[in-house]
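Numbering-wise (the numbering used here), the sequence shown opens with residue 99 and increments by one.
Where is the CB? At the ideal position from N, CA and C, for every residue including glycine.
Following: one structure in structure tokens, then a few remarks.
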Amino acid sequence: MQHLRQRKLAALIAIGFAGTLAGPVQAQDATTAAKNPDGVELSSVVVTALRREQGIQDVPVAVTAVGGNEVRNSELRTVNDITRYVPNFNGQSTEGRERPRWFLRGVGSNDPSPTSLSPIGFYLDDVYLNNVFGQGVPLFDLERVEVLRGPQGTLWGKNTIGGAINVLSKKPGFDTDGYAKLGFGNNSSNVFEAAVGAPIVDERLAARVSVYHEQGDSSITNDYTGEQFGSFKDNAVRAQLLALTSDDSDLLLNVHARKYSGAGNPWRSTGIFKGKDLYGFAASPDVDHVSLNAPSSDDIETRGAALTGHWTLGQGITLTSITGYEGVDREFFGDNDASPNEVARGHSSLSSGQWSQEFRLTSSPKQALTWIAGLHLFGENLDSDAQTGTLANGPKGAAGTAFQRTWFNQDTDSQAIFGSATYNVTDRFNVTAGLRWTRERKTIDLHGVTAKPGIVLGDSGNWWQQGSDGLPVTLSQQQDNTWSAPTWDFSPEYRLSDNAMVFARIAHGFRSGGYNTGADGDASFNTVDPEYLTEYSLGLKSAWFDKRLIFNATAFHYDYKDMQVFALAPSPLGTGDSVATLSNAGKGRADGLELEFKAQPTRALSLYTNLGFLRTKFTEFDNVPGAVGNSFARAPKTTAGFGGEYRLPLANGALSLGGDLIYRAKEYFSATRQTDANLWQDGYTLINARLAYFALGDKYSVTLWGNNLSDKQYKKLGLVPSYGAYQSLWGDERTFGLTFTGKL
């Protein structure tokens, strides 16, 4: 009851505050303008949350959209930057810019394995990307980014129990347009992006090419080498070709690639023995200093292609086909002990390829009963090889495994059929219901070898290739499992007026099963069953004061079963030790409230506010005594974003002042150890700002920007002690720069 009263009080305070300081920065690309008598406009964003184009205020789903212009003008570089606009959305990059960790309403994954499945489905131009190392894409030349909250299993498929993210590129058109952007910042950073689109054959064939380059260093010093640590380069390209094959059909080919090279993670070590680790190393008190003796690098290459076609059939029915391929290759070197001592260095490589095919039939929107039905096919092959070793110059007394190798091949095949229908019971009352059935098969051939303690490897040039011949095999598993499950949703909605609607939603989703590939032996290996989540939510979408103010609210409750949790658990060997493992923990629940405001008080001023309140709790937790009652990992009780823009018209342009304030309450990095201050981050606030001058309308601009202006120090991740020390990653320091943009 106390928590309920706190939530009600927080909601009332939020509404009262945000009513005077509210409304988001507008996503102005795929919009229709609603004009007020005095000419002030507040745009209504078009989204495809239900797999057809609808105004965002007409969709009975909690969804936030950020337009491509906002992404470019606000210096948003990755999807993690989008979190500032979305309530109860928490995200960090903990493997450079490769592998983001997203948590929506407390639902996410901390599993570091390459087989990890995020419960937040990620889509690039409507193509599902399964490999988490392929999801850290840079944001450039976009139409918009959509973030859907809650289970989306009916129309978006498996592994969307927490929600879905859809990054939509700007498509070719039959008017010539384009832009170029060049920026410079501190830490030797620079960014360049450009795009051009033009017709090739008038009204029949058009193309668009987009490129992205970013590089920079960081303010972190590696005391072992005396050099800066954290340099990176990120390059990406996208080429699209649109063909109007007839008056009733079109084809869009999208080919894209990315190459990222980084220095790896700047792990900071904090010893547990009066500040020293097991071998006597004491870290610098400055979080901008690390001491790593082993070479560190992280390189990834991705490539993909998608062919999307639309055919209008009789009676307004549309057939859509989406064929996709995505490939990911990664190689990593790192200092596993995060110290200047030669205790453990790591190397890993992975290669994956996936294909997908979806067919959809969509009815005409101009009838009382609208529907969508489809078939989805998916396949992926994943190879992974990881080694940990100790070279000959290890510290005296170093114990443990000197060489360990785990390698596997995993194949995934899945099939799904789905359908959803909306019936207009009256002019004001609609009911939507959907059902999907998914079948997935996973096979794995997994092996591991372990050297005896005290055996060392002498060649630092290719230690990871010094073979495992003659070493004892400790892990050998060949598994073949098939899972199937229905997912569904039911949403009645009632339109109170032309500018307001209320809706309820019950939705059920599942995340696929898998294998604990982090096991170090047959005794610690386990199969992980699917997890299931059911959402119960109530929502309001409304526009006020001649559409100068938009206010949306969602209250929700989650029932979570067979939760897949990566956390410390007692060793299955019965040694009394704890090991980090992926397993089905048990049950949990979550309750939350989300408030979103958008306002355009005057032509010059736009404001936004989003507030998220969340309470999570494990109600069952198998095999971990004392974990029942803990919060979910990375589930802050409060998230908030406040921001806006004031645009002052000038004779030949405009001056713009904008920015935002982002707040995250305390979050735990572990689901099991929540009394250890090294494994949580207290609440913190980040402040970002930008000052821009626009000339000749918006054709040319120069922007001075800064992020984390107060230079707030905050942890992105904390790990349980190993080698006698905690390891942690810290957030980006203050960054600033100057950007020049020109449009055709």
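Burial state of A304, where buried means 16 or more other Cβ atoms lie within 10 Å: buried
Nearest-angstrom Cα separation, counted from P590 out to W469: When rounded, the distance between both Cα atoms is 15 angstroms.
Under 9 angstroms between C-beta atoms of F516 and L755: no
Beta carbon of Q508 nearer than 9 angstroms to that of S446: no
Proximity of G248 and R603 at Cβ, strictly below 9 angstroms: For the pair G248 and R603, the CB atoms are nearer than the 9 angstroms cut-off.
Residues that R788 bridges to, as DSSP identifies them: G756, W803
Burial state of E456, where buried means 16 or more other Cβ atoms lie within 10 Å: buried
Straight-line Cα distance separating A617 from F506: 12 angstroms
Within 9 angstroms, strictly: CB atoms of L691 and F664: no
Residue from T572, F767, D644, F649 with nearest C-alpha to E138: The amino acid occupying residue 138 in the given sequence is Val; Glu does not appear at that position. The shortest Cα separation from V138 among T572, F767, D644, F649 belongs to D644.
Whole-angstrom C-beta distance between I648 and Q152, which should lie under 8 angstroms: Rounded to the nearest angstrom, the Cβ distance from Q152 to I648 is 15 angstroms, too far for a contact under 8 angstroms.
Sub-9 angstroms separation of R732 and Y706 beta-carbons: Taking the C-beta atoms as reference points, Y706 is found no nearer than 9 angstroms to R732.
Meets three-Cβ-pair contact criterion under 8 angstroms: the stretch 312-330 and the stretch 342-356: no
Rounded separation between A667 and N721 - CA only: 7 angstroms
T520 versus Y761: straight-line alpha-carbon distance, rounded: 38 angstroms
Cα-Cα separation, K331 to G283: 14 angstroms
Element boundaries [beta strand (DSSP E), containing R844]: The shown model of the chain, from 99 to 842, leaves out residue 844, and the question about it has no answer.
Extent of the continuous alpha helix (DSSP H) to which R170 belongs: 166-171
Where I415 falls, given that 16 or more other Cβ within 10 Å makes a residue buried: When all chains shown are included, I415 counts as exposed.
Whether Y277 touches K715 by CB criterion (9 angstroms): Not in contact: Y277 and K715 (Cβ atoms no closer than 9 angstroms).
Whole-angstrom distance between Q698 and A120, CA atom to CA atom: With a pLDDT of 35 at A120, under the threshold of 50, the modelled position of this residue cannot be trusted; read the value that follows with caution. In a straight line, the C-alpha of A120 is about 9 angstroms away from that of Q698.
Three-way DSSP call (helix, strand, coil) for I259 in this model: coil
Residue environment, E301, which counts as buried when at least 16 other CB atoms sit within 10 Å: Using a 10 angstroms sphere on the CB of E301, the tally of other CB atoms stays under 16, which defines it as exposed.
C-alpha distance - R405 paired with Q452, whole-angstrom precision: One point to set straight first is that residue 405 is Leu, not Arg, in the sequence displayed. So the two alpha carbons sit approximately 15 angstroms from each other.
C-beta atoms of V335 and H354 nearer than 9 angstroms: Going by C-beta atoms, V335 is nearer than 9 angstroms to H354.
Cβ shell of Q811 (< 7 angstroms), same chain only, five flanking positions each side left out: V385, W828
Sequence-distant residues of the same chain with beta carbon closer than 7 angstroms to R526, five excluded per side: Y592, R593
N- and C-terminal bounds of the beta strand (DSSP E) containing G532: Segment 527-548, the beta strand (DSSP E) holding G532.
Start and end residues, beta strand (DSSP E) containing T714: 703-719
Assigned secondary structure, F201 (DSSP; H/G/I helix, E/B strand, else coil): strand
V243 versus G373: straight-line alpha-carbon distance, rounded: 44 angstroms
Which of helix, strand or coil DSSP assigns to Q455: strand
Buried or exposed by the 16-neighbour rule on C-beta atoms within 10 Å, applied to S462: exposed
Sequence-distant residues of its chain with Cβ nearer than 6 angstroms to D54 (five each side left out): This structure does not reach residue 54, given that the chain is present from 99 up to 842, and the question cannot be answered.
Beta strand (DSSP E) runs wholly inside the stretch 393-454, at least 3 long, in chain order: Listed in chain order, they are 395-410, 416-433.
Local conformation of E179 per DSSP, three classes: Strictly speaking, residue 179 in this sequence is Asp, with Glu absent from that position. Three-state result, D179: helix.
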